[in-house]
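**Q** Here you go, one structure.
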Amino acid sequence: ISALAVDDDGLRIAGRGDFAVNVVFGEQRVLSFWLERDTVERDGDRFFAWPAQLRRFLNGAVTVSLRSPVDGSTWISTDAVLGHGQGAVAVVDAQGRPLGMDKSMKLHRLFGDSDRAAMEPLADALDDVIAALERAGVQPFVAYGTLLGAVRDGDFIGHDSDADIGYVSQHAHPVDAILESFGLQRRLLAMGYRVQRYSGLGLKVLVREGES
């Protein structure tokens with residue numbers, strides 16, 4: 092990455108290759124994207140448009156840095172004045188707590204912006220859901236980003252906002268595996284859990300932890 096320009100529309104970046112980039116406001120990671128996959132070509136540069144849910148915060152002065160998600164090193168930084176230009180850009184919730192975009196490009200309070208005490212209820216909730224899934228008849232295990240963070244960092248990944256659990260289906264045919272998943276959902280609902288389905292096989296168990 093050799094150049095960066097920031098305006099109300101987004102980021103214009105001079106760089107080559109497809110790799111993950113962290114966008115940092117001051118010292119706060121706000122979002123991540125892949126330099127080629129998630130951008131469009133514009134006059135030889137790569138252009139990344141600000142996500143719609145972030146735009147309401149983009150008023151004021153801000154130092155924008157592009158950093159490596161691997162080692163945190165800064166590739167390039169620039170100062171910008173956005174929107175009405177008064178004050179400083181602050182991507183925070185109503186209580187003034189930092190917000191960031193997760194892997195689904197949804198704005199949340201992220202794990203990396205929470206202190207250790209705030210993370211303990213999440214760990215307890217994870218144990219509780221794993222135990223409930225065992226009672227429901229499957230053998231769950233920590234998966235995806237949650238597993239990666241545990242193995243690589245001994246912690247949750249800082250820019251994540253949920254915990255991932257998987258299990259191996261007892262069935263080989265997709266239809267049977269889907270029916271099994273719906274049966275699992277019914278058993279969790281009977282236990283009093285709130286469950287949200289997002290695909291034939293995938294579901295989300297909603298647990299309120301702490302005050303988040």
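Take the position in the sequence shown, starting the count at 1, then add 91; the result is the number in our numbering.
Cβ coordinates follow ideal geometry from the N, Cα and C atoms, glycine included.
#1: Take K197 as the anchor and find which of S272, D98, P142 and R288 has the nearest alpha-carbon.
#2: Please look up how many angstroms separate the CB atoms of G174 and A140, rounded, as I've assumed it's under 8 angstroms.
#3: Tell me the residue span of the beta strand (DSSP E) that contains F116.
#4: Under a three-way DSSP split, which group does G274 fall into?
#5: Taking all protein chains shown into account, do 16 or more other C-beta atoms lie within 10 angstroms of the C-beta of V79, making it buried, or fewer, making it exposed?
#6: Going by Cα to Cα distance, which pick from D99, W125 and E118 is closest to A111?
#7: First and last residue of the beta strand (DSSP E) that includes G106?
#8: So, at 7 angstroms on beta carbons, what are the nonlocal neighbours of A241 in its own chain, with the 5 sequence-adjacent residues on each side left out?
#9: Buried or exposed, going by whether 16 or more other CB atoms sit within 10 Å of the CB of D253?
#10: With DSSP run on the structure shown, which of helix, strand or coil describes D170?
#11: Please name the residue, chosen from A171, G274, E271 and I104, that lies closest to L149 on a Cα-to-Cα basis.
#12: DSSP three-state label for R188, please.
#13: Check for me: the beta strand (DSSP E) holding K295 runs from which residue to which?
**A** Put simply:
#1: Comparing Cα-Cα distances from K197 to each of S272, D98, P142 and R288, the minimum goes to P142.
#2: With 8 angstroms as the limit, G174 and A140 do not qualify as a contact, their Cβ atoms being about 15 angstroms apart.
#3: Counting along the chain, the beta strand (DSSP E) containing F116 begins and ends at A111 to F116.
#4: If DSSP states are grouped into helix, strand and coil, G274 belongs with the helices.
#5: There is no way to answer for residue 79, as the model of the chain reaches only from 92 to 303.
#6: Minimum Cα-Cα distance from A111 among the listed residues D99, W125 and E118 corresponds to W125.
#7: No beta strand (DSSP E) contains G106, which DSSP labels as neither H nor E.
#8: Around A241: V233.
#9: Counting every other CB atom within 10 Å of its CB across the protein chains shown gives D253 a total of 16 or more, marking it as buried.
#10: Here D170 sits in strand by DSSP.
#11: Ranked by how close their Cα comes to the Cα of L149, the residues A171, G274, E271 and I104 have A171 in first place.
#12: Note: R188 maps to coil in three-state DSSP.
#13: From DSSP, the beta strand (DSSP E) with K295 extends over L294 to L297.
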